[in-house]
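Heads up: the sequence shown runs through residues 1 to 120, numbered per full-length UniProt numbering.
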Amino acid sequence: MGAGGAAARNDSADKKTQGPKGGGNAVKVRHILCEKHSKIMEAMEKLKSGMRFNEVAAQYSEDKARQGGDLGWMTRGSMVGPFQEAAFALPVSGMDKPVFTDPPVKTKFGYHIIMVEGRK
């Protein structure tokens, strides 16, 4: 019983120390990746017009398109710098009302529109 109490205290202490940095060490990420800026901007327009994120990803993304852009759970250090910074800065949102990176994030792979579905 004593160990459980200590673990609970550690959990709350961890959450406090993570505070403004966004907290957590993993995010459940979806993205749309396009090599060309013009194509990613077309995808951005579709999102802004209310099209679901996974549908836009299936239509436009050059990576993970069949999964609706789902990358699953990604941990700190497993993503390229600009992508990771953007992913951990985003709030958690859903497919119907996604909060995504605008403007798109540029990496060595191309341009990404990123959304986060979960954080742990």
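Think of the CB as a built atom: it goes at the ideal place given N, C-alpha and C, for glycine as much as any other residue.
Secondary structure at residue i, three-state DSSP: helix, strand or coil?
i: residue 81; result: helix
i: residue 105; result: strand
i: residue 51; result: coil
i: residue 99; result: coil
i: residue 62; result: coil
i: residue 118; result: strand
i: residue 92; result: strand
i: residue 38; result: helix
CB residue i to CB residue j, shorter than 9 Å?
i: residue 90; j: residue 99; result: yes
i: residue 28; j: residue 105; result: no
i: residue 68; j: residue 57; result: yes
Taking the DSSP output, what are the residues bridged to residue i?
i: residue 112; result: 33 and 105
i: residue 72; result: 29
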